[in-house]
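Numbering (this note's numbering) for the sequence shown: 254 to 476.
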Amino acid sequence: MKQCKATNCFKKAHARGLCSTHLSRLIRGANIDAPIRLVSKRKSEYCSVENCNRPYYCKDMCHFHYKRMIDSVDLNRQYHGYQRGKLEKNCLQCSKKFSVKKSLPNSKFCSKHCWGKHRIGEKNSNWRGGITDSTTEERNRFNRELREIILTRDNYICQICQSENSGNLQIDHIKSWAKYPELRFDINNCRTVCRPCHFYVTYKHKISPNSKWGLLCKSVLNK
254 MKQCKATNCF KKAHARGLCS THLSRLIRGA NIDAPIRLVS KRKSEYCSVE
304 NCNRPYYCKD MCHFHYKRMI DSVDLNRQYH GYQRGKLEKN CLQCSKKFSV
354 KKSLPNSKFC SKHCWGKHRI GEKNSNWRGG ITDSTTEERN RFNRELREII
404 LTRDNYICQI CQSENSGNLQ IDHIKSWAKY PELRFDINNC RTVCRPCHFY
454 VTYKHKISPN SKWGLLCKSV LNK
């Protein structure tokens, strides 16, 4: 093994008869024979943050507080962390007593069911005073009262292409729902059509295979 030719250096020679440290000095034009000083900037073996006994990681801090510094978070903010034992609390929805870990002191509900129930009505962030659009109410009433009557009258057959796809049938208003509100509940102004024909009548071009236009959920149909 060739040894570094620098004074008092016993490292393995890397290139030009020098170790990697002295070779980098030679490239920078520094004095090769100057002593290598290993100065540690560490002031302590432990974190310098008050009341923290974690081991040193970087910049006089432990790994936890160093990450807080990078994230611009207050270093002295209280950290709950994992704590053994449990807390007894009362559910805000059903007032039932339940226990949670001490590390989760902000828990307010005993279950997801109570959490969801607590967000219904006025307590929901999307509450707008209980006002439902009148057009939406009329569409729901139309589906509830007249949809089955019109489908039965037309024998569940599309009146345009004569298809019998019972799972894909809709009601089309011959005179527009929006332009003629007085004819919305007139059976003679309604006809049974399949979904592709309904789309073509409305927009004058074919429906996309992946389109979800005109799909009614069961909850709407059963209202």
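We put the beta carbon where it would ideally sit given N, CA and C, even for glycine.
Note that this is a predicted model, so its numbers are computed, not measured.
Roughly how many whole angstroms lie between the Cα atoms of Leu436 and Ser364?
48 Å
Can you find the residues in the same chain that come closer than 8 Å, C-beta to C-beta, to Ile440, ignoring five residues on each side of it along the sequence?
Leu399, Ile402, Ile403, Arg406
To which residues of the same chain is Lys339 closer than 8 Å at the C-beta, ignoring the five residues directly before and after it?
Ser352, Val353, Lys354, Lys355
Whole-angstrom C-beta distance between Ile460 and Arg444, which should lie under 8 Å:
That belief does not hold up - the Cβ atoms of Arg444 and Ile460 are roughly 18 Å apart, past 8 Å.
Can you give the Cα-Cα distance for Ala266 and Asn284, rounded to whole angstroms?
17 Å
Would you check if the distance between the CB atom of Val349 and the CB atom of Ser360 is smaller than 8 Å?
A small fix is needed here, since residue 349 is Lys in this sequence, not Val. Their beta carbons are not under 8 Å apart, which means Lys349 does not touch Ser360 by this criterion.
Candidates Asn396, Arg397, Tyr310, Ile424: which alpha carbon is nearest Asn408's?
Ile424
Could you give the DSSP three-state label for Lys349: helix, strand or coil?
coil
Please report the residue range of the alpha helix (DSSP H) in which Thr388 lies.
387-398
Sequence-distant residues of the same chain with beta carbon closer than 6 Å to Lys255, five excluded per side:
Ala266
Taking Pro462 as the reference, which of Thr455, Val454, Pro449 has the closest Cα?
Pro449
Residue range of the alpha helix (DSSP H) that includes His316:
316-323
By the 10 Å Cβ neighbour count, where 16 or more other Cβ atoms means buried, how is Cys272 classified, buried or exposed?
buried
Assuming the contact rule is C-beta atoms closer than 8 Å, Cys367 and Cys347 should be a hit. Round their C-beta distance to whole Å, please.
6 Å
Contacts around Asn442, its chain only, beta-carbon distance under 8 Å, and the 5 residues preceding and following it disregarded:
His426, Ile427, Lys428, Tyr433, Leu436
Under the three-state reduction of DSSP, which class applies to Asn343: helix, strand or coil?
strand
Arg381 bridges to which residues according to DSSP?
In DSSP, Arg381 forms no bridge with anything.
Give the straight-line distance between the Cα atoms of Glu303 and Met322, rounded to the nearest whole angstrom.
14 Å
I'd like to know if Ser464 contacts chain B, where contact means its C-beta is closer than 8 Å to some C-beta of that chain.
Checking the listed chains, one finds no chain B in this structure; it contains a single protein chain.
Taking its Cβ as the centre, do 16 or more other Cβ atoms sit within 10 Å of Val446, making it buried, or is it exposed?
buried
Please state whether the Cβ-Cβ distance between His318 and Cys300 is less than 8 Å.
yes
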